[in-house]
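Participant: Protein chains in written order, with the working numbering: chain A, 1 to 415; chain B, 1 to 415.
Below is one structure. I have some questions about it.
Protein chains: 2
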Amino acid sequence: MDYSILVVGDEILIGQVQDTNSGFIARQLTPYGWQATTIRAVADDSGAIFDAIDDAFAHSDVVLMTGGLGPTKDDITKPTLCRYFGGELVYDPPTARNVEQIVAGRHLPLNDYTRAQAMVPSSCRVIQNQCGTAPLMWFERDGKVLVSMPGVPYEAETMLVREVIPQLVAHFSDHVDIEFRHMMVVGIIESALAMQLDSWERSLPPGIHLAYLPQPGIIHLRLTGQSTDAQWLKAEMDRLAAELHDRLGKHIVADEDLPLAAIVGRLLRQRGLTLATAESCTGGNIAHEVTRVAGSSEYFLGAVVSYHRQVKQRQLGVSASDIDRYGVVSQTVAEQMATGVCRLLGTDCAVSTTGVAGPGGGTPETPVGTVWMAARCGERMLTQCRHIPGHRDRVISRATNDALLLLLSLLVDSE
Amino acid sequence: MDYSILVVGDEILIGQVQDTNSGFIARQLTPYGWQATTIRAVADDSGAIFDAIDDAFAHSDVVLMTGGLGPTKDDITKPTLCRYFGGELVYDPPTARNVEQIVAGRHLPLNDYTRAQAMVPSSCRVIQNQCGTAPLMWFERDGKVLVSMPGVPYEAETMLVREVIPQLVAHFSDHVDIEFRHMMVVGIIESALAMQLDSWERSLPPGIHLAYLPQPGIIHLRLTGQSTDAQWLKAEMDRLAAELHDRLGKHIVADEDLPLAAIVGRLLRQRGLTLATAESCTGGNIAHEVTRVAGSSEYFLGAVVSYHRQVKQRQLGVSASDIDRYGVVSQTVAEQMATGVCRLLGTDCAVSTTGVAGPGGGTPETPVGTVWMAARCGERMLTQCRHIPGHRDRVISRATNDALLLLLSLLVDSE
Numbered sequence: 001m002d003y004s005i006l007v008v009g010d011e012i013l014i015g016q017v018q019d020t021n022s023g024f025i026a027r028q029l030t031p032y033g034w035q036a037t038t039i040r041a042v043a044d045d046s047g048a049i050f051d052a053i054d055d056a057f058a059h060s061d062v063v064l065m066t067g068g069l070g071p072t073k074d075d076i077t078k079p080t081l082c083r084y085f086g087g088e089l090v091y092d093p094p095t096a097r098n099v100e101q102i103v104a105g106r107h108l109p110l111n112d113y114t115r116a117q118a119m120v121p122s123s124c125r126v127i128q129n130q131c132g133t134a135p136l137m138w139f140e141r142d143g144k145v146l147v148s149m150p151g152v153p154y155e156a157e158t159m160l161v162r163e164v165i166p167q168l169v170a171h172f173s174d175h176v177d178i179e180f181r182h183m184m185v186v187g188i189i190e191s192a193l194a195m196q197l198d199s200w201e202r203s204l205p206p207g208i209h210l211a212y213l214p215q216p217g218i219i220h221l222r223l224t225g226q227s228t229d230a231q232w233l234k235a236e237m238d239r240l241a242a243e244l245h246d247r248l249g250k251h252i253v254a255d256e257d258l259p260l261a262a263i264v265g266r267l268l269r270q271r272g273l274t275l276a277t278a279e280s281c282t283g284g285n286i287a288h289e290v291t292r293v294a295g296s297s298e299y300f301l302g303a304v305v306s307y308h309r310q311v312k313q314r315q316l317g318v319s320a321s322d323i324d325r326y327g328v329v330s331q332t333v334a335e336q337m338a339t340g341v342c343r344l345l346g347t348d349c350a351v352s353t354t355g356v357a358g359p360g361g362g363t364p365e366t367p368v369g370t371v372w373m374a375a376r377c378g379e380r381m382l383t384q385c386r387h388i389p390g391h392r393d394r395v396i397s398r399a400t401n402d403a404l405l406l407l408l409s410l411l412v413d414s415e
Numbered sequence: 001m002d003y004s005i006l007v008v009g010d011e012i013l014i015g016q017v018q019d020t021n022s023g024f025i026a027r028q029l030t031p032y033g034w035q036a037t038t039i040r041a042v043a044d045d046s047g048a049i050f051d052a053i054d055d056a057f058a059h060s061d062v063v064l065m066t067g068g069l070g071p072t073k074d075d076i077t078k079p080t081l082c083r084y085f086g087g088e089l090v091y092d093p094p095t096a097r098n099v100e101q102i103v104a105g106r107h108l109p110l111n112d113y114t115r116a117q118a119m120v121p122s123s124c125r126v127i128q129n130q131c132g133t134a135p136l137m138w139f140e141r142d143g144k145v146l147v148s149m150p151g152v153p154y155e156a157e158t159m160l161v162r163e164v165i166p167q168l169v170a171h172f173s174d175h176v177d178i179e180f181r182h183m184m185v186v187g188i189i190e191s192a193l194a195m196q197l198d199s200w201e202r203s204l205p206p207g208i209h210l211a212y213l214p215q216p217g218i219i220h221l222r223l224t225g226q227s228t229d230a231q232w233l234k235a236e237m238d239r240l241a242a243e244l245h246d247r248l249g250k251h252i253v254a255d256e257d258l259p260l261a262a263i264v265g266r267l268l269r270q271r272g273l274t275l276a277t278a279e280s281c282t283g284g285n286i287a288h289e290v291t292r293v294a295g296s297s298e299y300f301l302g303a304v305v306s307y308h309r310q311v312k313q314r315q316l317g318v319s320a321s322d323i324d325r326y327g328v329v330s331q332t333v334a335e336q337m338a339t340g341v342c343r344l345l346g347t348d349c350a351v352s353t354t355g356v357a358g359p360g361g362g363t364p365e366t367p368v369g370t371v372w373m374a375a376r377c378g379e380r381m382l383t384q385c386r387h388i389p390g391h392r393d394r395v396i397s398r399a400t401n402d403a404l405l406l407l408l409s410l411l412v413d414s415e
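Okay, structure coming up:
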């Protein structure tokens, strides 16, 4: 099924707000075989919105629209939708009750603006917003569907997963069952993996296919199956997933699409291990990635960001003479930081980084982008040096990723 | 000047990669009075790219295209550009030399793929890529301009700032000078600020206007002036900026468009103060934001992420009985964390957070989203409690922002 995404909002076009909704929508729908033909952002302007809807329907049967809703924007978007789909703005009591509930839950007074959100086009079916005041609206015309959703990412994401995507898939599918199996693979590069799976992949039954979704240092394999025979499909998918496990063994580190920090976290929890980080050039970003995972407090005890040399020495016990001798960006300092934070916070495992994020601070021996990192688990330790090209943010985020990969490989090897 | 942004890449349409280039372009061009009429993403498909270029030129005189370049994509995009603008692919020696230099600088061998990047449409003018192998291409037809740029954000951003935007502005401006003045304003809400500046704003001379760009807790004011009389413009902009300073006084915390952490960092550096963070629910994200700023090592010494209660007690010296009595998410724990990290790392200032990021861990007294935060500077301390709605990532990022704002208000008040 082809679809279009339409993002409405002046704030997107001036670059004040980064649109993340379209990527979220695409990630949710791609596995169902739904294909975005275009993603388009237009201003809060009636003519622009009208033309963009028309153009989108010329190329696809479904338009998913985000933004352009809310107290200050309704007066443009809703009349435009009425103009396109017919009908007029009417007061909708269930929407009014939902708006009242949401506003009351936030301990805010109901004002004229929020009250006006209960006015919806008579040509739509409302999907009540469970986390905000702007109602979602489902329009149909000539077998085509437009769903209008709020622009606030938290609201759009929640409602997409809970209501919009299940309703869309049900609306357009002819009772075809869809099953997914996900595997996260490390320790093998994409081309080698593709060669290893080549004959297996070509023997897949009709309706089942394998997708490679590479990320830095990790490959997300997604097996998608479609069939009218749900029972056969489930058994076949289980069989194929087991075959992949046989072929890839320890390279498979998770059977779900999870961020790296969540994979690491799951392995730590399964083995009852605790983690700390000791960070210099990553400045707390590894701890941040680890703690973005819900439930990380079960295994993550804390971190020391030792930006200043004194903090490395005093809190983490790094040897001053080693810093003088080998430099602050060195293998031994990375090792001593990891060991030091394990001792300080009493954890089983640690990761550490010391490097030059730039743009200043580079030397001929240690240019900008040089990062030493260590991972420790019990008495075992791995270290590596990376040279990461790019600007400061890129060095920080790639060093964060690579340090977590290092810890992951240590955890996988110790199985 | 109206323009369109065209983002090319399958990876965008399946949601695997988040497009950040379009927002970057818009943020750079908006201040020049350039207006994006549409931002559009299409697949690596010749027909889709051709139609999207045609459609974009129907609505604007300039198309800025990112992506669709690079060793594996050139065979679609470049022939499509030839088809649209005429000409054929020709070997371009300066581009070949640039590719060789870039590849040599990365200590990689030159292979057939990278070598092929020296083939460019004869109808374009090449702008040599200073940080990658894919050449930028400038096309003109009937007075309209298309610039094709690589999709890698680091390359696109660098080349936009260094070459593309200066060349575009020069190409289309009739010797009009443009000046900007930026001010970051805190401690006053947007509507109050707009009322306070209302009459002043209406008295601005022709060609000069004020834009409000609100962010959470901080408002970016941008004064843009255009004139053919450069000398008059500069003097007038200086006079108006001084008037804004007279009117807003200490509410203005920076005269540049800077992220919050950079504003805080600048004030710390100006006063010779040092900073540490003590973080529970923000999990290191405040330290991460602080250290994203180049040069932060001048004032940021380090952080303790005290995720586990024991780390709060042992490293930061938070009283165990106070935790038992008031709860770990409490004013006194936030205060003791800030004080503790100042003492531990020997800094003048600190910020701290303790809260429930969710989705688990909430109680009726301390629901998910409750965050206590403290800012300390010398002997002065400010604390506040925030109730942040939304999912875990939102609680973390908003708490990070609010904690930095708290420190900023402490620094401003102590002037």
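For every residue, glycine included, the Cβ atom is placed at its ideal position computed from N, Cα and C.
1. Starting from the Cα of A/Ala116, find the closest Cα among A/Gly105, A/Thr353, A/Asn129, A/Ala134 and give me that residue.
2. Considering only residues of the segment 115-169 of chain A, which uninterrupted beta strand (DSSP E) runs meet the minimum length of 3 residues and lie entirely inside it, listed in chain order?
3. In chain order, what residues of the same chain have a beta carbon less than 7 Å from the beta carbon of B/Ile25, not counting five sequence neighbours either side?
4. According to DSSP, what are the bridge partners of A/Arg376?
5. Select from A/Ile323, A/Ala357, A/Ala399 the residue whose C-alpha is nearest the C-alpha of A/Ile416.
6. Would B/Ile388 count as contacting chain E if we go by Cβ distances under 8 Å?
7. Only counting the same chain, and skipping five residues up and downstream in sequence, which positions put a Cβ closer than 8 Å to that of B/Gln94?
8. Taking A/Thr20 as part of the alpha helix (DSSP H), name the residues at either end of that continuous run.
9. What does the Cβ neighbour count give for B/Tyr113, buried or exposed, with the cut at 16 atoms within 10 Å?
10. Measuring CB atoms only, is the segment 96-104 of chain B touching the segment 144-160 of chain B, in the sense that at least three cross pairs come out at less than 8 Å?
11. Between which residues of its own chain and B/Tyr299 is the CB-CB distance below 8 Å, once the five residues before and five after are set aside?
12. Could you round the C-beta distance between A/Ala211 and A/Arg202 to whole angstroms and report it? I think they count as a contact, below 8 Å.
13. So with Cβ pairs under 8 Å, would you call A/His308 a contact of chain B?
14. What residues from the segment 325-351 of chain B come within 8 Å of chain A, judged by C-beta to C-beta, listed N to C?
15. What does B/Met300 reach in chain A if we use C-beta pairs closer than 9 Å?
16. Could you check the C-alpha separation between A/Met318 and B/Gly302 for me, to the nearest Å?
17. Check this for me: beta carbons of A/Ile218 and A/Glu190, under 8 Å apart or not?
18. As an exercise, report each continuous alpha helix (DSSP H) stretch of at least 4 residues that is fully enclosed by the segment 55-109 of chain B, in chain order.
19. CB A/Gly47 to CB B/His288, shorter than 8 Å?
20. Given a cut-off of 8 Å, decide if A/Cys281 and A/Thr366 are closer than it, judged by their beta-carbon atoms.
21. Do three or more CB pairs link the segment 11-19 of chain A to the segment 181-198 of chain A at distances below 8 Å?
22. Could you name each continuous beta strand (DSSP E) segment of 3 residues or more that falls completely within the segment 203-264 of chain B, going from the start of the chain to the end?
23. What three-state label does DSSP hand B/Leu29 in the structure shown?
24. Closer than 8 Å, CB to CB, is B/Asp393 near chain A or not?
25. For a quick check, are the C-beta atoms of A/Val176 and A/Leu136 less than 8 Å apart?
26. Beta-carbon of A/Ala104 versus every beta-carbon of chain B: anything under 8 Å?
27. At least one CB of chain A closer than 8 Å to the CB of B/Val311: is that the case?
28. Who pairs with B/Ile5 in a beta bridge, going by DSSP?
29. Tell me the DSSP secondary structure of A/Ile53 in three-state form.
30. Nearest to B/Arg376 by alpha carbon, out of B/Gly360, B/Gly143, B/Leu410, B/Gly67?
31. Determine whether the beta carbon atoms of A/Thr72 and A/Phe50 lie at a separation below 8 Å.
32. How far does the beta strand (DSSP E) with A/Asp174 in it extend, from its first residue to its last?
33. Could you tell me whether the Cβ of B/Gly362 comes closer than 8 Å to any Cβ of chain A?
34. Give me the Cα-Cα distance between B/Asp255 and B/Gln215, rounded to the nearest whole angstrom.
35. Under the three-state reduction of DSSP, which class applies to B/His308: helix, strand or coil?
36. Buried or exposed for B/Asn401, please, with buried defined as at least 16 other CB atoms from any protein chain shown within 10 angstroms of its CB.
Facilitator: Reading it off the structure:
1. On the first sequence, position 116 is the one that residue 116 of chain A refers to. The shortest C-alpha separation from A/Ala116 is found at A/Ala134.
2. 119-121, 125-127, 136-141, 144-149
3. Along the second sequence, read from residue 1 onward, the residue named residue 25 of chain B stands at position 25. Excluding positions up to five away in sequence, the list reads Ile5, Leu64, Leu160.
4. For the purposes of this step, residue 376 of chain A is taken as the residue at position 376 of the first sequence. Per DSSP, A/Ala350, A/Met381.
5. Coverage of chain A is limited to positions 1 through 415, which leaves residue 416 of chain A absent and any answer about it impossible.
6. The structure shown has no chain E; the protein chains it does contain are A and B.
7. Counted from its first residue, the second sequence places residue 94 of chain B at position 94. The sequence given here places Pro at residue 94 of chain B; Gln does not occur at that position. Once the five neighbours on either side are set aside, the close Cβ partners of B/Pro94 are Val126, Gln128.
8. On the first sequence, residue 20 of chain A is found 20 positions in, with the first residue counted as 1. Per DSSP, A/Thr20 belongs to no alpha helix (DSSP H) and is neither H nor E.
9. Position 113 of the second sequence holds residue 113 of chain B. Its Cβ having fewer than 16 others within 10 Å, B/Tyr113 is exposed.
10. no
11. One-based indexing of the second sequence puts residue 299 of chain B at position 299. Closer than 8 Å at the Cβ level, and outside the excluded window around B/Tyr299, lie Gly265, Leu268, Arg269, Leu273, Thr274, Leu275.
12. For this step, residue 211 of chain A is matched to residue 211 along the first sequence. For this step, residue 202 of chain A is matched to residue 202 along the first sequence. At roughly 15 Å, the Cβ-Cβ gap does not stay under 8 Å, so A/Ala211 and A/Arg202 are not in contact.
13. Start at 1 with the first residue of the first sequence, and residue 308 of chain A comes out as number 308. True, the Cβ-Cβ gap to chain B drops below 8 Å.
14. Leu344, Leu345, Gly346
15. Translated into the one-based positions of the second sequence, residue 300 of chain B becomes position 300. According to the sequence provided, residue 300 of chain B is Phe. The question's Met does not apply to it. By Cβ distance, chain A contributes Gly283, Val305, Tyr307, His308.
16. Locating residue 318 of chain A in the first sequence gives position 318, counting from the first residue. Locating residue 302 of chain B in the second sequence gives position 302, counting from the first residue. The amino acid at residue 318 of chain A is misidentified as Met; the sequence shows Val. Their backbone Cα atoms lie some 15 Å apart in a straight line.
17. If you number the first sequence from 1, residue 218 of chain A lands on position 218. If you number the first sequence from 1, residue 190 of chain A lands on position 190. No; because the gap between Cβ atoms is not below 8 Å, this pair is not in contact.
18. 74-85, 93-105
19. Counting from one through the first sequence, the residue named residue 47 of chain A turns up at place 47. Counting from one through the second sequence, the residue named residue 288 of chain B turns up at place 288. Contact: no.
20. For this step, residue 366 of chain A is matched to residue 366 along the first sequence. For this step, residue 281 of chain A is matched to residue 281 along the first sequence. In this structure, A/Cys281 does not lie closer than 8 Å to A/Thr366 by Cβ.
21. no
22. 208-215, 218-227, 252-254
23. Locating residue 29 of chain B in the second sequence gives position 29, where the first residue counts as 1. B/Leu29: helix per DSSP, three-state reduction.
24. Taking the second sequence and counting its residues from 1, one reaches residue 393 of chain B at position 393. Output row for B/Asp393: interface = yes.
25. For the purposes of this step, residue 176 of chain A is identified with residue 176 of the first sequence, where counting begins at 1. For the purposes of this step, residue 136 of chain A is identified with residue 136 of the first sequence, where counting begins at 1. Going by C-beta atoms, A/Val176 is not nearer than 8 Å to A/Leu136.
26. Sequence index remark: in the first sequence, residue 104 of chain A carries index 104 (1-based). Chain B contact via Cβ: absent.
27. As a position in the second sequence, residue 311 of chain B is number 311, starting the count at 1. Closer than 8 Å to some Cβ of chain A, the Cβ of B/Val311 qualifies, so yes.
28. Mapped onto the second sequence, residue 5 of chain B falls at position 5. B/Ile5 pairs with B/Ile39, B/Leu64.
29. The count along the first sequence starts at 1 and reaches residue 53 of chain A at position 53. Helix, per DSSP.
30. Here residue 376 of chain B corresponds to residue number 376 of the second sequence, with the count starting at 1. Comparing Cα-Cα distances from B/Arg376 to each of B/Gly360, B/Gly143, B/Leu410, B/Gly67, the minimum goes to B/Leu410.
31. Position 72 of the first sequence, counted from the first residue, corresponds to residue 72 of chain A. Position 50 of the first sequence, counted from the first residue, corresponds to residue 50 of chain A. No, Cβ-Cβ distance for A/Thr72 and A/Phe50 is not below 8 Å.
32. Counted from its first residue, the first sequence places residue 174 of chain A at position 174. Premise fails: A/Asp174 is in no beta strand (DSSP E) and is neither H nor E.
33. As a position in the second sequence, residue 362 of chain B is number 362, starting the count at 1. Chain A, which has no Cβ nearer than 8 Å to the Cβ of B/Gly362, makes this no.
34. To locate residue 255 of chain B, count along the second sequence from 1; it is residue 255. To locate residue 215 of chain B, count along the second sequence from 1; it is residue 215. Their Cα atoms are separated by approximately 16 Å.
35. Locating residue 308 of chain B in the second sequence gives position 308, counting from the first residue. Three-state DSSP puts B/His308 in coil, outside helix and strand.
36. Taking the first residue of the second sequence as 1, we reach residue 401 of chain B at position 401. When all chains shown are included, B/Asn401 counts as buried.
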